[in-house]
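Q: Dropping a structure here in structure tokens format, bear with me for questions.
Numbering (the UniProt record's numbering), first residue to last: 1 to 571.
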């Protein structure tokens with residue numbers, strides 16, 4: 001019990017019904033000695049006790065409460081050790097064999113003190129523990145045998161294993177735990193809590209999820225998962241192609257059982273263009289030399305062509321090898337759709353086990369070669385499971401030129417398979433703002449290509465193109481441009497008329513051969529290296545085409561192998 005030396009405790013006596021507070025000075029088998037004792041009154045005040053030390057018998061103790069732990073210093077422990085040591089020495093002198101016994105005790109005491117000091121350094125939680133055999137109380141003159149001598153040692157109080165255990169009867173005499181537990185009447189306490197509880201039973205937490213009207217049988221329309229909302233994406237009844245398709249070649253509308261359509265939106269594309277971010281040349285960008293490289297071609301420079309050379313290549317394919325524009329467009333559209341699905345968006349988005357909505361791809365189609373390739377790509381993406389939306393920058397009421405035959409044919413094919421298409425900005429807004437539809441995730445820019453300059457459009461077409469380009473640049477949707485970003489001159493790669501009217505593309509896909517103008521936009525500071533990813537897409541051009549003209553012989557190489565597209569690095 002030596003680990004309790006120095007504790008400040010309150011002791012309640014049985015007979016006198018009073019409480020005494022003091023510091024534990026000594027703990028014996030049948031009594032406890034308190035230092036600086038005081039009486040604690042019921043009002044909390046204190047009354048002094050005459051003596052500086054007070055011995056209290058364990059049989060008179062009703063309750064004991066620890067008020068304060070022992071101080072960090074070992075003043076009380078050292079004092080107790082000194083008293084015990086002096087007592088041992090006085091008792092050893094009275095015995096007949098005092099001299100040999102004193103030597104053994106002295107060596108034993110030194111050894112234990114040495115062991116105690118080493119243990120004290122290892123564990124800061126050690127306490128001084130003394131165990132003594134029971135002696136007759138009040139018989140101070142009796143001689144003690146070696147077995148009855150006090151054994152003082154340092155021990156770990158958390159792992160203490162006393163050599164002598166007190167009897168159960170002695171422990172019960174010191175403090176009766178069972179009797180004190182009986183003083184707490186749990187039944188009366190819970191009755192008081194229930195009597196003071198006035199909360200309605202229905203307002204308790206346990207009653208919130210309780211179903212009072214529990215059914216044993218359910219109807220055929222109950223406990224059934226609801227089907228996903230149908231967004232009406234396959235409904236084309238409200239699309240008017242009369243101002244798109246040429247004269248007698250109007251495409252038939254696709255019918256659908258669902259005639260629902262999203263509500264009109266008051267948000268316009270122009271209002272959504274919160275910024276005019278574009279390919280505008282930055283003063284900080286200095287002109288630099290650039291070349292295309294690819295690991296497929298052993299890191300050798302990739303030759304580039306002019307708009308006249310790529311036009312000659314497509315003409316030779318048609319006249320010499322009977323590869324019509326439809327065949328070349330079909331090859332390019334198929335390979336471009338694979339590029340978008342597998343390398344940009346990700347094929348897992350349209351996997352059969354994917355229960356989420358398919359991503360929505362917007363294709364901006366111009367009245368040119370790039371527009372026909374974009375329409376073919378839209379058809380292949382639609383067949384692969386993508387949701388596609390085509391915006392045609394052409395209207396018979398405002399356009400000055402007739403609809404390109406290739407574009408006209410691809411529009412018919414695309415509309416017949418159920419693809420969505422419009423040339424109205426208002427109608428495009430309805431589907432982009434439809435809350436039940438898929439969000440727009442990707443844009444393919446086919447407004448210009450290598451054979452058209454968007455700056456040469458008419459006034460009304462230029463105004464619509466300006467809205468589309470500013471909206472694309474202000475949105476965070478990635479854009480892939482065909483041949484060259486719309487707004488840059490396909491021959492020079494510059495824009496001298498309106499530098500803000502340039503699509504801010506993240507990807508550029510060259511059809512057949514890469515254009516030299518794509519490198520010029522780096523040379524003249526329209527774009528930073530590394531910001532745009534370039535791809536070369538296979539259109540199925542025969543290699544013998546490049547041997548038919550001297551200016552095309554530098555392109556006579558094996559462009560494609562295991563894939564229909566190749567990534568080009570700008571160095």
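Heads up, the beta-carbon is just placed ideally off N, CA and C, and yes, glycines get one too.
Once the 5 residues before and after residue 47 are set aside, which same chain residues still bring their CB inside 6 Å of it?
A: Result list for residue 47: 39, in chain order.
Q: Using only the alpha-carbon positions, how far apart do residue 198 and residue 56 sit?
A: Computed Cα separation, rounded: 49 Å.
Q: Please report how far the alpha carbon of residue 556 lies from the alpha carbon of residue 418, in whole angstroms.
A: 40 Å
Q: For residue 65, which residues from the same chain have a beta carbon less than 6 Å from its beta carbon, with the 5 sequence-adjacent residues on both sides left out?
A: 10
Q: Looking only at its chain, what residues have a beta carbon closer than 8 Å to the beta carbon of residue 304, apart from the 5 residues adjacent to it on each side?
A: 292, 513, 514, 515, 516, 518 and 519, listed in sequence order.
Q: Can you tell me which of 23, 475, 525 and 504 puts its alpha carbon nearest to the alpha carbon of residue 494?
A: Out of 23, 475, 525 and 504, 525 has the C-alpha closest to the C-alpha of residue 494.
Q: Hey, how far is the Cα of residue 298 from the Cα of residue 509?
A: 21 Å
Q: Go through the segment 433–486 residue by residue and report every complete run of the alpha helix (DSSP H) that reaches 4 residues or more, in order.
A: 459–474
Q: Is it buried or exposed, residue 161, if we count other Cβ atoms within 10 angstroms and call 16 or more buried?
A: Its pLDDT being 49, under 50, residue 161 is placed unreliably by the model, and nothing is read from it.
Q: So residue 492 and residue 503 are supposed to be a Cβ contact under 8 Å. How far apart are they, rounded?
A: About 17 Å separates the Cβ atoms of residue 492 and residue 503, ruling out a contact at the 8 Å cut-off.
Q: Can you tell me the Cα-Cα spacing of residue 347 and residue 446, whole angstroms?
A: Those two C-alpha atoms are separated by around 23 Å.
Q: Does the distance from the C-beta atom of residue 351 to that of residue 522 stay below 8 Å?
A: Note that the C-beta distance between residue 351 and residue 522 is not below 8 Å.
Q: Counting only runs of 4+ residues fully inside the segment 354–442, write out the alpha helix (DSSP H) ranges in chain order.
A: 369–384, 405–416 and 425–432
Q: Assuming residue 577 and residue 546 are in contact, meaning their beta carbons sit under 8 Å apart, how far apart are those beta carbons, in whole angstroms?
A: The requested residue 577 is not part of the displayed model; the chain covers only 1 to 571.
Q: If you draw a straight line from the alpha carbon of residue 67 to that of residue 207, how long is it in whole angstroms?
A: Cα to Cα, residue 67 sits roughly 44 Å from residue 207.
Q: What's the gap between the Cα of residue 358 and the Cα of residue 392?
A: 22 Å
Q: Please confirm whether residue 507 and residue 532 have their CB atoms less than 8 Å apart.
A: Yes.
Q: Given 8 Å as the limit, is there contact between the segment 366–382 and the segment 444–463, that is, 3 or more CB pairs closer than that?
A: yes
Q: Could you give the distance in angstroms between the alpha-carbon of residue 470 and the alpha-carbon of residue 476?
A: 12 Å
Q: Is it the case that the Cβ atoms of residue 328 and residue 314 are separated by a distance below 8 Å?
A: In contact: residue 328 and residue 314 (Cβ atoms closer than 8 Å).
Q: Report yes or no: do three or more beta-carbon pairs, one from the segment 427–439 and one from the segment 404–412, lie closer than 8 Å?
A: no
Q: Could you confirm whether any beta carbon from chain D is found closer than 8 Å to the beta carbon of residue 386?
A: Looking at the structure shown, chain D is missing, and only one protein chain is on hand.
Q: Between the Cα of residue 412 and the Cα atoms of 424, 376 and 384, which residue gives the shortest distance?
A: The closest CA to that of residue 412, considering only 424, 376 and 384, is found on 376.
Q: Considering only the alpha carbon of each residue, which of 69, 367 and 24 lies closest to residue 35?
A: Out of 69, 367 and 24, 24 has the C-alpha closest to the C-alpha of residue 35.
Q: Beta-carbon within less than 6 Å of residue 451's beta-carbon, same chain only, minus the 5 sequence neighbours each way: which residues are those?
A: 368 and 369
Q: Can you tell me whether residue 488 is buried or exposed, with buried defined as 16 or more other CB within 10 angstroms of its CB?
A: buried
Q: Under a three-way DSSP split, which group does residue 147 fall into?
A: Legend: pLDDT at residue 147 = 40, less than 50; position of this residue unreliable, value from coordinates given subsequently. Looking at residue 147 - three-state DSSP - the assignment turns out to be helix.
Q: Mark residue 505 as exposed unless 16 or more other C-beta atoms lie within 10 angstroms of its C-beta, in which case mark it buried.
A: buried
Q: Below 8 Å between beta carbons: does that hold for residue 441 and residue 360?
A: Their beta carbons are under 8 Å apart, which means residue 441 touches residue 360 by this criterion.
Q: Beta carbon of residue 498, beta carbon of residue 455: below 8 Å?
A: Yes.
Q: Bridge partners for residue 569 per DSSP, in chain order?
A: 293
Q: How is residue 309 classed by DSSP in three states: helix, strand or coil?
A: helix
Q: Can you tell me whether residue 342 is buried or exposed, with buried defined as 16 or more other CB within 10 angstroms of its CB?
A: Under a 10 Å Cβ-count criterion, residue 342 is classified as exposed, with fewer than 16 other Cβ atoms of the shown protein chains found around its own Cβ.
Q: Distance, Cα to Cα, residue 189 vs residue 177?
A: 20 Å
Q: Smallest Cα separation from residue 210: which of 217, 218 and 201?
A: 201
Q: Could you have a look at residue 191 and say whether DSSP puts it in helix, strand or coil?
A: helix
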